[in-house]
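Under our numbering, the first residue of the sequence shown is numbered 130, with each subsequent residue one higher. No residue lacks a Cβ here, since even glycine has one placed at the ideal position from N, Cα and C.
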Amino acid sequence: MTEEFKLEVVNPEKSFLLKEDVTEVVVPAFEGEMGILKDHISIISFLKPGIIKVYSKSGEEKYYVEDGIIEFKNNNLSILTSSIFSVKDIEKNKIDEMLKVAEKESAKDNISDQAKFLIDQKIEVLRSIN
Numbered sequence: 130m131t132e133e134f135k136l137e138v139v140n141p142e143k144s145f146l147l148k149e150d151v152t153e154v155v156v157p158a159f160e161g162e163m164g165i166l167k168d169h170i171s172i173i174s175f176l177k178p179g180i181i182k183v184y185s186k187s188g189e190e191k192y193y194v195e196d197g198i199i200e201f202k203n204n205n206l207s208i209l210t211s212s213i214f215s216v217k218d219i220e221k222n223k224i225d226e227m228l229k230v231a232e233k234e235s236a237k238d239n240i241s242d243q244a245k246f247l248i249d250q251k252i253e254v255l256r257s258i259n
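This is the structure:
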């Protein structure tokens, strides 16, 4: 019996990724990193800045995501996000630019605790990619 399920990642511009042969996806959920395998219970969760790891017959792929919502139901994983990039394709200067903007935001005095947490997460992940 096959251990594969379907993954679809959608961002505002288009359907970013569609794969039918996924064996595992690890997502950066607010509750912590969450691994999803075939026949996982139905779930809806929010994403925080981090790396989505997709494992399939074609190998491992990593994507940087800033936010979003995941839904897993009937062996279909849907990820809706406003910002996603392939880690291997992203240019170093783009990461540096995003890092500078995030560091400026983090240094502001009038930032809420939740916003500070998310920006600090973003900074940590961007530094790890860099």
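Assign residue i to one of two classes, buried (16 or more other C-beta atoms within 10 Å of its C-beta) or exposed (fewer than that).
{"i": "L147", "result": "exposed"}
{"i": "K237", "result": "exposed"}
{"i": "A231", "result": "buried"}
{"i": "Q217", "result": "First, the residue type needs correcting, since residue 217 is Lys and not Gln in the sequence shown. By the neighbour-count rule (16 or more Cβ atoms within 10 Å), K217 is not buried but exposed."}
{"i": "K186", "result": "exposed"}
{"i": "T131", "result": "exposed"}
{"i": "K229", "result": "exposed"}
{"i": "I248", "result": "buried"}
{"i": "I170", "result": "exposed"}
Anyone know if the C-beta pair for residue i and residue j falls short of 8 Å?
{"i": "Y193", "j": "V254", "result": "yes"}
{"i": "E133", "j": "K167", "result": "yes"}
{"i": "E195", "j": "S215", "result": "no"}
{"i": "L209", "j": "V139", "result": "yes"}
{"i": "S241", "j": "I252", "result": "no"}
{"i": "Q250", "j": "G179", "result": "yes"}
{"i": "N204", "j": "K143", "result": "no"}
{"i": "F145", "j": "I219", "result": "no"}
Comparing the C-beta of residue i with each C-beta of chain D, is any distance below 8 Å?
{"i": "V194", "result": "Protein chains in the displayed structure number just one, and chain D is not present."}
What are the partner residues of residue i, as DSSP defines its beta bridges?
{"i": "A236", "result": "DSSP, once it has assigned bridges, lists no residue as partnering A236."}
{"i": "I219", "result": "Answer is none; I219 lacks a bridge partner."}
{"i": "F175", "result": "I198"}
{"i": "A158", "result": "G161, L176"}
{"i": "V139", "result": "S144, L209"}
Next item on the list: Decide if the stretch 214-231 is in contact with the stretch 158-173; the criterion is three or more beta carbon pairs, one per stretch, under 8 Å apart.
Entry: no
Notebook entry, point to check: With a cut-off of 8 Å, do at least 3 Cβ pairs link the stretch 162-179 to the stretch 196-205?
Noted result: yes
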